[in-house]
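Q:
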Amino acid sequence: MASADDTSSKASDRRHLAVVTPAPKELRDEPSEQPASGGEQQPKFSARELNAWFGAQHVLENITLDIASDEVTAIIGPSGCGKSTFIRCLNRMHELEPDARVSGEVLFDGETIYAPTVDPTLLRRRIGMVFQRANPFPAMSIRDNVLAGRRLTGRLRRGEADEIVETALREAALWSEVDYRLGHSSAGLSGGQQQRLCIARALAMQPEVLLMDEPCAALDPVATARLEDLIHSLKGNYTIVIVTHNMQQAARVSSQTAFFLDGALVEYQETDRLFTSPEDPRTEDYLTGKFG
Amino acid sequence: MSARDPSRSIRGRTPARIGDRIFVAVCAIAAALPLVALVYLVLQLLIAAAPRIGWSFIVGQPALDAHGSGILPALAGSVTLVALTALIALPVGLAAGIYLAEYAHATRLTRWTERNIAHLAAVPSVVYGLVGLVVFVRTIGFGRSLLAGAATLALTVLPKMVITTRDAMRRVPRALRQASYALGATRWRTIRHVVLPMAMPTIIERAALSVARAIGEASPLLVVGALGYGVAETRGAVSGSSSDSFTALPVQVWAWLTAPDQRYVANAAAGMIVLLVLMLLVSALGVYLRRRMTRAHEG
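Taken in sequence, the protein lines are chains G and H. Per our numbering: the first sequence ends with 539, consecutive numbering throughout. Per our numbering: the second sequence ends with 321, consecutive numbering throughout.
(1) Interface residues of chain H around G:R473 at Cβ under 8 Å?
(2) For G:F506, which three-state DSSP category applies?
(3) Do G:A505 and G:I374 have their CB atoms nearer than 9 Å?
(4) Would the beta-carbon of H:F158 fall within 9 Å of that of H:A143?
(5) Taking 8 Å as the cut-off, is the beta-carbon of G:V349 closer than that to any non-hydrogen atom of the ligand SAM?
(6) In terms of residues, what are the limits of the alpha helix (DSSP H) holding G:L534?
(7) For G:A303, count the other beta carbons within 10 Å of its own beta carbon; 16 or more makes it buried, fewer makes it exposed. Which is it?
(8) Taking all protein chains shown into account, decide if G:C445 is buried (16 or more other Cβ within 10 angstroms of its Cβ) or exposed.
(9) Taking G:F538 as the reference, which of G:E318, G:R348, G:S326, G:Q442 has the closest Cα?
(10) Using the Cβ count rule (16 or more neighbours within 10 Å means buried), how would you classify G:S423?
(11) So that I know if they touch, is there some Cβ in chain H lying closer than 9 Å to that of G:T414?
(12) List in chain order: all unbroken alpha helix (DSSP H) runs of 4+ residues lying wholly within the stretch 351–410 of chain G.
(13) Mind checking G:E410: buried by the 16 CB within 10 Å criterion, or exposed?
(14) Could you work out which residues of chain G lie near H:M220, taking near to mean beta carbons separated by less than 9 Å?
(15) Taking 9 Å as the threshold (C-beta atoms), are G:F507 and G:V513 in contact?
(16) On the DSSP bridge assignment, give the partners of H:Y121 in chain order.
(17) Assuming contact is defined by CB atoms lying nearer than 9 Å, are G:T320 and G:I478 in contact in what I supplied?
(18) Looking only at its chain, what residues have a beta carbon closer than 7 Å to the beta carbon of G:P525, apart from the 5 residues adjacent to it on each side?
(19) Whole angstroms are fine: how far does the CA of G:H341 sit from the CA of G:D356?
(20) With burial defined as no fewer than 16 other Cβ atoms inside 10 Å of the residue's Cβ, what is the status of H:L205: buried or exposed?
(21) Report the partner residues of G:T320 according to the DSSP bridge assignment.
(22) What three-state label does DSSP hand G:I314 in the structure shown?
(23) Across which residues does DSSP place G:F301 in a beta bridge pair?
(24) Quick one: does G:P271 have its CB under 9 Å from some CB of chain H?
(25) Check the Cβ-Cβ distances between H:Y121 and every residue of chain G, and say whether any is below 9 Å.
(26) At a CB-CB cut-off below 8 Å, which residues of chain H make contact with G:L369?
(27) Within the 9 Å Cβ cut-off, does G:T491 reach chain H?
(28) By how many angstroms is the C-alpha of G:G483 removed from the C-alpha of G:R371?
(29) For H:T256, would you say it is in contact with chain G, using Cβ-to-Cβ distances shorter than 9 Å as the test?
(30) Taking DSSP as the reference, what is the three-state secondary structure of G:E455?
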């Protein structure tokens, strides 16, 4: 089961979410908050007894797991196992659904995100999200899509736009494909390019985390491979949590893998170990294709 | 080739059934009927208006002499009504539509309200005229003014405007709202910068259509006290002087039509042509604005 040895909430340099609007302008510009290396790093997320419901439907049951900072964690499991709901609980997107409910706790850098003093919009500015189907804003140009988050949160200063656009697009490995048509509509891009544009849009917010909800579900194998390369180049700088029902993908990109089944966490291991010597027979059955 | 069942050949032609043909014919006739009726009406109007229609009619002042009579005050009144009606109805309709689409909880009260707004769209416009007379002319004290007329017309288009706004906002894909929320945008920013811009072209086009139809209405304006020149003179029964009143195209047309003098009929027909052209221009403006807004998205 999940390792939960380090729940220390005393990291001296953690930043506070417990600020209700208006957003402090300099939220992102405080000194870097890497915990002092040497000892155990504080996990980026710690879920404790997390439960989630849609109306009467209990979709997540007592999930307790830690997500390591600056690594790629994969969540696998059959459709409807609650893996998407789980990552939506990490940035408080789950509660936007009608009749959605959550209990238990999620710590982000040691700070509980479900406290009444936490403003979910401030939390989400530090946690980027990429969806199953690329969802660039169709009414905006490529450039405006990258800047959308900054504009929507009122954090675009004069003169910095060009740099933000180029940096984010380069980081998302899209720059060379679009640099000559930044003013064009995003609708002219291929599915894979649109998905990378959405990643660039998330990166422009300078998040610490990227949540990816089956980002390759609508992509062909070539575009999928490019996206996986991108994930490799991003890891180390960002904490990445990727939901996928593609087991090979989880094996390729992640260092930790969690296997969910029917809303419960069955096994959480280093990816190599989970795929080579799973401890739970249900994990083995799933990996060998007996169900799912 | 191996032996095949000849009855399963794919060659040949299935004869069209007589029933199919009759059905297609009936549908085609039904589709043509409104078009024929429209062409016939416009032709009749043009023939009737032929002696009067022209530049001097459009820029002329009304007069007791039918042949020297022009329609400028009524045209100016209608153009002002278009602008004022849109100015009043659009913000209110937008606000109500946004509230219903984005903020109202799905309670029984909300459903009841939405149902009744839909019913209001079907209320005869003369009823709105009475409301306008009581509320705008008398209670608020706009008097028999253009403002009272525009406020009354705004009432008639408001239900449609609210429902159009609500529906256009609801049609904006959920994935785009999610993208906005995931970036850390607040609800209002999401509505203002993501949902509304996508819904706006549709809202503007439909609003123009509603206003275009509303300015063709004579009855609500008559109730709130618009006057057609010629009525006051011939009947002399309207209380107050005509100076605190206003006029508009449908009212002027109605006045000429009901005038005892047959020579005014050509004026009425010419007035209708002017009204039709104005309505057409207003809805064309809506289409133009929608196209421009959509193209801006692609630029």
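Cβ coordinates follow ideal geometry from the N, Cα and C atoms, glycine included.
A: Quick look at the numbers:
(1) Going along chain H, no residue has its Cβ under 8 Å from G:R473, so there is no contact; the nearest lies around 21 Å.
(2) strand
(3) Between G:A505 and G:I374, the C-beta spacing is not below 9 Å.
(4) Taking a C-beta distance under 9 Å as the contact criterion, H:F158 and H:A143 do not qualify as a contact pair.
(5) The ligand content of the structure shown is nil, which means the ligand SAM is not present either.
(6) 528–534
(7) exposed
(8) G:C445 is buried by the Cβ-count criterion.
(9) With distances taken between Cα atoms, G:F538 lies closest to G:S326.
(10) exposed
(11) It does not; no Cβ of chain H falls within 9 Å.
(12) 367–372, 389–399
(13) exposed
(14) F384, P385, A386
(15) yes
(16) H:Y121 pairs with nothing; no bridge assigned.
(17) no
(18) E514, E531, L534
(19) 20 Å
(20) buried
(21) G:V488, G:Q503
(22) Strand at G:I314.
(23) G:Q304, G:A347
(24) With a pLDDT of only 42 at G:P271, under 50, the local geometry of the prediction cannot be trusted, and the value read off the model is given with reservation. Taking Cβ atoms only, chain H never reaches closer than 9 Å to G:P271, which makes this a no.
(25) no
(26) G206
(27) no
(28) Take the alpha-carbon of G:R371 and the one of G:G483: they are about 20 Å apart.
(29) Residue confidence for H:T256 is low, a pLDDT of 40 falling below 50, so the modelled location carries little weight; the figure read from the coordinates is stated next. So, not an interface residue.
(30) Under the three-state reduction of DSSP, G:E455 is assigned to coil, being neither helix nor strand.
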